[in-house]
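Q:
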Amino acid sequence: MDLDSLLVAVAAGDSNAFGLFYDELAPQVLGVAQHIIRDRTQAEEVTQEVFMELWRTAASFDPAQSSARSWALRLTRLRAIDRLRSDMAAKKRDTAEFVQQMTTWIAAEDEAVADLEAQEIRELVDSIGEPHRTAIMLAYFTGMSHAEVAEATGVPLGTAKTRVRDGMSKLRNALRVHASAGGAQ
52 MDLDSLLVAV
62 AAGDSNAFGL
72 FYDELAPQVL
82 GVAQHIIRDR
92 TQAEEVTQEV
102 FMELWRTAAS
112 FDPAQSSARS
122 WALRLTRLRA
132 IDRLRSDMAA
142 KKRDTAEFVQ
152 QMTTWIAAED
162 EAVADLEAQE
172 IRELVDSIGE
182 PHRTAIMLAY
192 FTGMSHAEVA
202 EATGVPLGTA
212 KTRVRDGMSK
222 LRNALRVHAS
232 AGGAQ
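All you need for the numbering used here is the position in the sequence shown, starting with 1, plus 51.
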């Protein structure tokens, strides 16, 4: 019995004809799928899907329009290409998810480092003592000018400038000590 006759018998529900049809065409279907996909395991899955679809749709086969072999191999080609597209889309999604996750982790790490650094800076500023601490906080953390620092603390402009300059000097020394102790990098 030729393949066309076997497929017509499959359409009538003949499982023996389907077994013969499978035995005759499976190596070619697998070969086409593997040629397109280039992965034996996935090609075997596509082959199984193709034969399941051939079993379900055998009644729509028309021997006047094409041979059973070309119909089956055309279906194989289409299913193999669908599998490739699906795999490519999944890889693209996985890559996008990975990038998003890495971005989230890096942002969280950067935020944690920034919080730690901000805490260390606050501790260092606190360590320089008053009145330099207040002068530094007003000048650098609130953005006040020397004149505004003088007005806010009720001291002459020259005194405010000296406190800011001396405070920065004390802060540099505290930072050096902190860095040499293994704190800031």
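By construction, the Cβ of each residue, glycine as well, lies at the ideal position given by its N, Cα and C atoms. A quick note: this is a predicted structure, and the numbers were derived from the prediction, not measured.
(1) Note down, in chain order, each residue of its chain lying with its Cβ closer than 7 Å to the Cβ of Leu222, except the 5 sequence neighbours on either side.
(2) Which term fits Leu58, buried or exposed, when burial requires 16 or more other beta carbons within 10 angstroms of its beta carbon?
(3) For His183 and Val206, what's the separation of their Cα atoms in angstroms?
(4) Exposed or buried, which one is Met195 when buried takes at least 16 other CB atoms within 10 Å?
(5) Comparing C-alpha positions only, which one of Ala115, Pro78, Leu71 sits nearest to Trp106?
(6) In whole angstroms, give me the CA-to-CA distance for Ser117 and Asn67.
(7) Indicate whether Glu100 and Arg130 have their beta-carbon atoms separated by less than 8 Å.
(8) Is Ile87 closer than 8 Å to Ile157 when the C-beta atoms are compared?
(9) In three-state DSSP terms, what is Val83?
(10) Under a three-way DSSP split, which group does Met52 fall into?
(11) Which value, in whole angstroms, describes the spacing of the CA atoms of Met52 and Glu75?
(12) Compare the C-alpha of Asp113 against each of Asp217, Asp55, Leu226 and name the closest.
A: Reading off the structure:
(1) These residues qualify, in order along the chain: Leu175, Val176, Ile179, Ile187.
(2) Flag for Leu58 reads buried.
(3) Taking the straight line joining both Cα atoms gives about 13 Å.
(4) Buried.
(5) Trp106 has its Cα closest to that of Leu71, out of Ala115, Pro78, Leu71.
(6) Using only the alpha carbons, I get a separation of about 23 Å.
(7) Their beta carbons are under 8 Å apart, which means Glu100 touches Arg130 by this criterion.
(8) Not a contact, by the Cβ cut-off of 8 Å.
(9) It is helical.
(10) Here Met52 sits in coil by DSSP.
(11) Rounded to the nearest whole angstrom, the C-alpha separation of Met52 and Glu75 is 11 Å.
(12) Put simply, of Asp217, Asp55, Leu226 the residue whose alpha carbon is nearest the alpha carbon of Asp113 is Asp55.
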